[in-house]
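Data block below; observations after.
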Amino acid sequence: MSRRLTGTGVLTAGMCLVLGCSSGTSEQPDAGLADTGLADLRVTTEIDGLNKPWDVVAAPDGTVLTGERSGRFVVRRPDGTTSDLIADQTDLYAEGETGLMGMELAQDFSTSRALYTCQGVTGGEGENRIAVFRWTVDPDWTTLTRTATVLDGIPVASNGRHGGCRILAAPDGSLFVGTGDTASPTVPQDPESLGGKVLHIEADGSAAADAPGRVYTLGHRNVQGLAFAPGTDRLYEVEQGTSRDDELNLLVPGGNYGYKPDLLPGVYDESVPMTDPERVPGALGAVWSSGEPTIATPGLTFVDGAAWGEWSGAAVISSQQGEKLVFLKLSEDGSSVSREAVALENEYGRLRSLTSLPDGSFLMTTDNGSDDRVLRVTP
């Protein structure tokens, strides 16, 4: 089923520093906000008519591919044509927060035509789980063919809650996979479970050298954003908090990020801190947290390039409940935040995935459940 590309709509949104920021927005930039260096953003629609597009990727030739949580793939080609891709998703498990989730192009996509998905899978005897699949796409972007199961056995809840799941391809071709804790009290701290973790695997699914048992970091609640800071090897993740404290974390191999929701045996207790050093000795603190209440943070990217001015190199976090973007200028060592600003507040509803592009812009998906879109944000 084809869809018309609507790329002519352009909106300008005011931005403001977090302190003193109002909940309203204007189509004209507020001159009083000019000191943020982010007075204007240009937003255009790449694809519309979607339903909960969980992730989006862009190929070297400019093709944009997104996937709905229900399992549907939609492509926008460089000539502007937009259509569904044929893909066998008969074993897709789509329930609650789980379904077709993270997508990522292989580092050698230009030659291999390979990409990865992280998605729920139905089991032969009710053993539902989450798996990472490798696919190839034909040159005309009409058909996706599943070629390998790269990783299997990531746990999933019966109602699909806290399914994760984000994929990031490292420069060496290995994959980082962020997972959810399935709302289980013991999963985040269980080194034998693949849930509530950031995993690091080679392209064939074997454990990377810095991730015994494939576990790179543990003690997470629901990891849905992964990104490298530009020009560095610093890997960050963003995860959704309980009723408070969504977190941005700087990851180190073997690090424990301190989520331990098992105050009572068998009870998933979300009253515990997102990072609990008293109960998790050596737990690593967050670079940034949202405070109270949670704003629900499913996406992370970094902006780069002269057009972003002093914000070049800043982290950008999407928000579902807060319906906004959060820009974070990090310290020189990347371990703290020196400046914070918000953008597009209440302009497009719930915001989910963020994907940087080589020209300095980034793609963003909405998560409203009807007439969702893939948007391009340009400084």
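In short: position in the sequence shown from 1, add 1047, done, that's my numbering.
Cβ atoms here follow ideal geometry from the backbone N, Cα and C, with glycine treated the same way.
Reduced DSSP secondary structure (H/G/I, E/B, other) of residue i
i: I1094; result: strand
i: R1261; result: helix
i: V1234; result: helix
i: G1329; result: coil
i: A1353; result: helix
i: W1188; result: coil
i: G1416; result: coil
Spatial neighbours of residue i in its chain, beta-carbon cut-off 6 Å, leaving aside the 5 residues before and after
i: S1336; result: D1292, E1294
i: D1380; result: none
i: L1273; result: R1213, L1215, F1223, G1225, E1284
i: S1417; result: none
i: T1412; result: P1100, V1103, R1399, S1400, V1421
i: G1183; result: First, the amino acid is wrong: residue 1183 is Thr here, not Gly. Correct list, in chain order: R1160, A1161, T1192, T1194.
i: A1362; result: F1349, L1375
i: D1228; result: H1209, V1234, P1235, G1242, G1243, R1268
i: A1230; result: A1204, R1208, H1209, Y1315
i: A1258; result: H1247
i: D1309; result: P1232, T1233
Endpoints, the alpha helix (DSSP H) within which residue i is located
i: S1157; result: 1156-1159
Beta strand (DSSP E) segment containing residue i, residue limits
i: A1255; result: Unbroken run through A1255: none, as it is neither H nor E.
i: V1421; result: 1419-1425
i: W1101; result: 1100-1105
i: D1131; result: 1129-1131
i: N1296; result: 1294-1297
i: E1249; result: Note, E1249: premise wrong, no beta strand (DSSP E); not H, not E.
i: R1149; result: The sequence given here places Gly at residue 1149; Arg does not occur at that position. G1149 -> beta strand (DSSP E) spans 1147-1152.
i: G1242; result: Note, G1242: premise wrong, no beta strand (DSSP E); not H, not E.
i: I997; result: This structure leaves residue 997 out entirely; the chain is present only between 1048 and 1426.
i: Q1271; result: 1270-1275
i: Y1283; result: 1282-1286
i: T1113; result: 1111-1115
i: R1291; result: No beta strand (DSSP E) holds R1291; DSSP gives it neither H nor E.
i: V1121; result: 1120-1123
i: L1022; result: The requested residue 1022 does not occur in the structure, where the chain is confined to residues 1048 to 1426.
i: V1224; result: 1222-1225
Chain-order list of residues whose beta-carbon lies under 8 Å from that of residue i (same chain, five-residue window excluded)
i: G1207; result: Y1140, A1141, E1142, G1143, E1144, T1145, G1146, G1167
i: A1153; result: S1159, A1161, L1162, Y1163, R1181, A1216, G1220, A1250
i: Q1033; result: The chain is shown from 1048 up to 1426; residue 1033 falls before or after that span and cannot be answered.
i: F1466; result: As displayed, the chain neither begins before 1048 nor continues past 1426, which places residue 1466 out of reach and without an answer.
i: T1190; result: L1132, I1133, A1134, V1184
i: A1279; result: Note on residue identity: the sequence assigns Thr, not Ala, to residue 1279. Closer than 8 Å at the Cβ level, and outside the excluded window around T1279, lie G1381.
i: S1385; result: K1376, L1377, S1378
Contacting residues, own chain, Cβ-Cβ under 7 Å from residue i (five flanking each side not counted)
i: A1217; result: F1223
i: R1397; result: Q1367, E1370, T1413, D1414, N1415
i: G1352; result: S1359, G1407
i: A1354; result: G1407, P1426
If contact is defined by three or more beta carbon pairs under 8 Å, each pair taking one atom from either stretch, is the stretch 1161-1176 in contact with the stretch 1229-1238? no
So within the stretch 1360-1411, which uninterrupted beta strand (DSSP E) runs reach at least 3 residues, ignoring any that extend past its ends? 1362-1366, 1371-1377, 1384-1390, 1398-1403
Would you call the stretch 1296-1308 and the stretch 1316-1334 in contact, with 3 or more CB pairs under 8 Å? yes
If contact is defined by three or more beta carbon pairs under 8 Å, each pair taking one atom from either stretch, is the stretch 1320-1328 in contact with the stretch 1355-1371? no
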